[in-house]
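Asks: My structure is below; once you've seen it, I'll send some questions.
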Amino acid sequence: MGYVSYGVKPLDDGLYINKIEIDPAHQKKSIGLGVLWHLWLTHLVPIMPISQFGDSGRFWSLARRRFAAAGGLIGPELRPSEQDDAKQH
2 MGYVSYGVKP
12 LDDGLYINKI
22 EIDPAHQKKS
32 IGLGVLWHLW
42 LTHLVPIMPI
52 SQFGDSGRFW
62 SLARRRFAAA
72 GGLIGPELRP
82 SEQDDAKQH
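Okay, here's the thing in structure tokens:
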């Protein structure tokens, strides 16, 4: 069906999403949003996507709106060059 690659920040104050990939036959069924929601409920920390690619911008825009309405937070895209700076905070 798909997979997600993620990691929790060392200080346990955020969660990096490296990639979410859903099989095309299962897209548009809110599976990706469900996975993000599960991760947020499990860790209760801001979620930060790393290097959005392809047409994922629409997915992340929708996810940000839905999370904001529910009290969750998805931060802006974190580019690889910014990862080292983020690790120091």
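Quick note on our numbering: the sequence shown kicks off at 2 and runs consecutively.
Every residue gets a Cβ at the ideal spot worked out from N, C-alpha and C, and that includes glycine.
1. Within the continuous alpha helix (DSSP H) that includes valine 139, where are the two ends?
2. Tell me whether alanine 64, by its Cβ, gets closer than 8 Å to a heavy atom of the ligand GTP.
3. Just verifying my parser: in three-state terms, what is the DSSP assignment at histidine 90?
4. Tell me which residues share the same chain as methionine 2 and place their Cβ nearer than 8 Å to its Cβ, disregarding the 5 neighbours each side in the sequence.
5. Excluding the 5 residues preceding and the 5 following glycine 76 in the sequence, name in chain order all residues of the same chain whose CB lies nearer than 6 Å to its CB.
6. Note down, in chain order, each residue of its chain lying with its Cβ closer than 8 Å to the Cβ of tryptophan 61, except the 5 sequence neighbours on either side.
7. Which one or two residues does DSSP pair with methionine 2 in a beta bridge?
8. In chain order, what residues of the same chain have a beta carbon less than 7 Å from the beta carbon of leucine 37, not counting five sequence neighbours either side?
Replies: Looking at the atomic coordinates:
1. Residue 139 is absent from the structure shown; the chain starts at 2 and stops at 90.
2. In terms of ligand content, the structure shown is empty, and the ligand GTP therefore cannot be addressed.
3. Here histidine 90 scores only 49 on pLDDT, less than 50, and its place in the model should not be relied on; the value that follows carries that caveat. Looking at histidine 90 - three-state DSSP - the assignment turns out to be coil, as it is neither helix nor strand.
4. Ile23, Asp24, His27, Ile32
5. Pro47, Met49
6. Pro50, Gln53, Ile75, Glu78
7. DSSP output for methionine 2 lists no bridge partner at all.
8. Ile48, Ala64
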